[in-house]
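If you use the working numbering, the sequence shown corresponds to residues 332 to 658, in order. Encoded as structure tokens, the structure appears first; notes follow it.
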Amino acid sequence: MTWLITGGAGYIGAHVVRVMAGAGEDAVVLDDISSGVPRRLPADVPLIRGSAFDAELLRRVLAEHGVTGVVHLAARKQVAESMAQPLRYYRENVGGLATLLEVVAEAGVRRFVFSSSAAVYGNPPDVDLVGEDTPCAPVSPYGETKLAGEWLVRAAGRAHGIGTVCLRYFNVAGAAAPELADTGVHNVIPMVFDRLTRDEPPRIFGDTHPTPDGTCVRDYIHVSDLAEAHLAAARRLTGGVTGDLTVNIGRGEGVSVRELIDLIGEVSGDRRPALVEPVRAGDAPRAVADARRAAEELGWTARRGVREMVESAWAGWCLHHAPAPRD
Ligand SMILES: NC(=O)c1ccc[n+]([C@@H]2O[C@H](COP(=O)([O-])OP(=O)(O)OC[C@H]3O[C@@H](n4cnc5c(N)ncnc54)[C@H](O)[C@@H]3O)[C@@H](O)[C@H]2O)c1
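Okay, structure coming up:
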């Protein structure tokens with residue numbers, strides 16, 4: 332078995348590569364380094380620099396490396412950018428994926444794991460836990476492209492006999508090591524770090540939601556747990572399970588923005604009070620995964636808690652934002 336991991340030099344991809352290679356799986360990474368960092372990769376995992384949507388290159392990589400399964404993470408992933416550049420998101424996240432699936436089908440590769448997102452649910456209805464059968468109603472072109480991506484993956488899987496697993500990640504955080512940390516400022520934890528580093532108070536968008544402390548409740552998942560979910564998905568497919576599976580990857584436990592900011596204050600030592608801004612239109616009060624299907628079908632459950640996510644993310648933030656040494 333050799334796994335092609337697209338986007339393997341990215342934040343999540345590099346964790347997936349480490350976990351899979353560490354578990355004895357052969358891996359090869361295809362990454363155009365548009366946001367990836369080559370030094371995140373172990374020295375013995377080959378990195379091919381190029382687009383995961385370049386059919387010629389893909390044919391060559393699949394053949395030369397004897398690829399038997401694909402874990403597809405390469406994508407554009409910023410919600411705000413997707414609002415401004417929807418066509419680019421559709422072209423890469425949907426059009427590019429169609430090209431990849433065509434080459435995969437034609438090459439006889441029969442296993443495919445896809446990075447989806449809780450963004451497919453949009454603002455989920457007022458339920459305690461969001462199950463996989465909750466109606467999908469994405470509210471951004473990004474979420475739409477992830478949902479359309481799932482449709483493509485499942486349809487191609489059925490038509491071409493490819494076993495598929497779509498993983499719907501909830502709020503990903505933390506790092507296995509500081510040098511693997513997320514360097515972007517697109518998620519709430521790095522956004523709070525960024526505010527503190529600028530000597531500004533963290534912001535809370537609304538404390539009048541119908542939640543215990545009035546702030547939004549979300550489900551945070553440690554990136555190392557998420558990487559282990561990919562290994563579990565890959566093993567399910569190599570174990571001969573066919574058909575398609577779509578699963579939430581979360582902890583099934585909610586953490587409020589207020590609780591998260593308090594924890595960040597404890598970990599960083601900067602406990603300045605948060606600034607409460609008006610509620611943002613469209614923010615769901617609560618979005619917490621029902622994680623039971625992943626446990627049943629993949630034999631996977633998250634093991635790491637929110638403190639571990641914040642501590643490891645903070646260590647990574649400090650590494651990447653250390654003041655420049657003087658002379
Ligand atoms: N980070 C999150 O919170 C989150 C949540 C849900 C889903 N996801 C999904 O997880 C996946 C990985 O996200 P991430 O946070 O690691 O992002 P990232 O930007 O760190 O990683 C994406 C990687 O893909 C590479 N890439 C982009 N376009 C490419 C292309 N055309 N060909 C080859 N490589 C390409 C980039 O260079 C980068 O290494 C994405 O599909 C994203 O939509 C992320």
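Note that the Cβ used here is the ideal one computed from N, Cα and C, for glycine as well.
Roughly how many angstroms lie between the CA atoms of residue i and residue j, to the nearest whole one?
| i | j | result |
| --- | --- | --- |
| residue 558 | residue 579 | 13 Å |
| residue 457 | residue 585 | 14 Å |
| residue 435 | residue 383 | 11 Å |
| residue 475 | residue 402 | 20 Å |
| residue 473 | residue 454 | 14 Å |
| residue 332 | residue 360 | 14 Å |
| residue 512 | residue 643 | 8 Å |
| residue 366 | residue 549 | 26 Å |
| residue 442 | residue 415 | 34 Å |
| residue 463 | residue 577 | 7 Å |
| residue 552 | residue 496 | 18 Å |
| residue 532 | residue 608 | 11 Å |
| residue 599 | residue 354 | 33 Å |
| residue 487 | residue 544 | 45 Å |
| residue 593 | residue 547 | 14 Å |
| residue 504 | residue 520 | 7 Å |
| residue 502 | residue 449 | 8 Å |
| residue 335 | residue 409 | 24 Å |
| residue 438 | residue 525 | 45 Å |
| residue 471 | residue 404 | 19 Å |
| residue 417 | residue 627 | 36 Å |
| residue 389 | residue 482 | 22 Å |
| residue 587 | residue 542 | 8 Å |
| residue 516 | residue 370 | 20 Å |
| residue 422 | residue 489 | 23 Å |
| residue 514 | residue 372 | 15 Å |
| residue 589 | residue 499 | 25 Å |
| residue 342 | residue 491 | 31 Å |
| residue 413 | residue 518 | 15 Å |
Start and end of the alpha helix (DSSP H) containing residue i?
| i | result |
| --- | --- |
| residue 390 | 386-395 |
| residue 402 | Not the alpha helix (DSSP H): residue 402 falls in the beta strand (DSSP E), residues 400-403. |
| residue 334 | Counting along the chain, residue 334 falls outside any alpha helix (DSSP H), though it belongs to the beta strand (DSSP E) covering 333-337. |
| residue 383 | Taken as a continuous stretch (DSSP letters only), residue 383 belongs to no alpha helix (DSSP H), as it is neither H nor E. |
| residue 361 | Looking at the DSSP string, residue 361 is not in any alpha helix (DSSP H); the run it does join, the beta strand (DSSP E), is 357-362. |
| residue 572 | Premise fails: residue 572 is in no alpha helix (DSSP H) and is neither H nor E. |
| residue 419 | 417-420 |
| residue 407 | Premise fails: residue 407 is in no alpha helix (DSSP H) and is neither H nor E. |
| residue 540 | Segment: none, residue 540 is in no alpha helix (DSSP H) and carries neither H nor E. |
| residue 340 | Note, residue 340: premise wrong, no alpha helix (DSSP H); not H, not E. |
CB-CB under 7 Å to residue i, same chain, minus the five flanking residues each way: which ones, in chain order?
| i | result |
| --- | --- |
| residue 480 | 424, 425, 428, 445 and 447 |
| residue 646 | 509 |
| residue 556 | 633, 634 and 635 |
| residue 574 | 494 |
| residue 363 | 380, 381 and 382 |
| residue 629 | 560, 563, 564, 567 and 578 |
| residue 528 | 652 |
| residue 419 | 407 |
| residue 399 | 332, 333, 440 and 442 |
Run through DSSP, which three-state label would residue i get?
| i | result |
| --- | --- |
| residue 608 | strand |
| residue 560 | helix |
| residue 528 | helix |
| residue 582 | coil |
| residue 548 | strand |
| residue 568 | helix |
| residue 428 | helix |
Leaving out five residues on either side along the sequence, give the residues of the same chain with a beta carbon under 6 Å from the beta carbon of residue i.
| i | result |
| --- | --- |
| residue 611 | 536 |
| residue 595 | 523 and 641 |
| residue 330 | A question about residue 330 goes unanswered here, because the residues of the chain that appear run from 332 up to 658. |
| residue 650 | 509 |
| residue 460 | 619 and 621 |
| residue 339 | 348, 360 and 362 |
| residue 357 | 333 |
| residue 581 | 501, 550, 552, 620 and 622 |
| residue 569 | 332 |
| residue 318 | Residue 318 lies beyond the stretch modelled for the chain, which goes from 332 to 658, so this question has no answer here. |
Taking the beta strand (DSSP E) that residue i belongs to, which residues open and close that run?
| i | result |
| --- | --- |
| residue 551 | 551-553 |
| residue 534 | 534-536 |
Distance cutoff 8 Å, beta carbons only. Does residue i sit that close to anything in chain B?
| i | result |
| --- | --- |
| residue 384 | This model lacks chain B altogether; it includes just one protein chain. |
Report all residues from its chain with a CB closer than 8 Å to the CB of residue i; omit the five preceding and five following residues, and keep chain order.
| i | result |
| --- | --- |
| residue 507 | 346, 349, 554, 555, 558 and 643 |
| residue 616 | 457, 540, 541, 542, 547 and 548 |
*Every unbroken beta strand (DSSP E) inside the region 437-519 [3 residues or more]*: 442-448, 494-500 and 502-504
*4 or more residues per run - each alpha helix (DSSP H) lying fully within the region 588-654*: 588-599, 623-629 and 637-651
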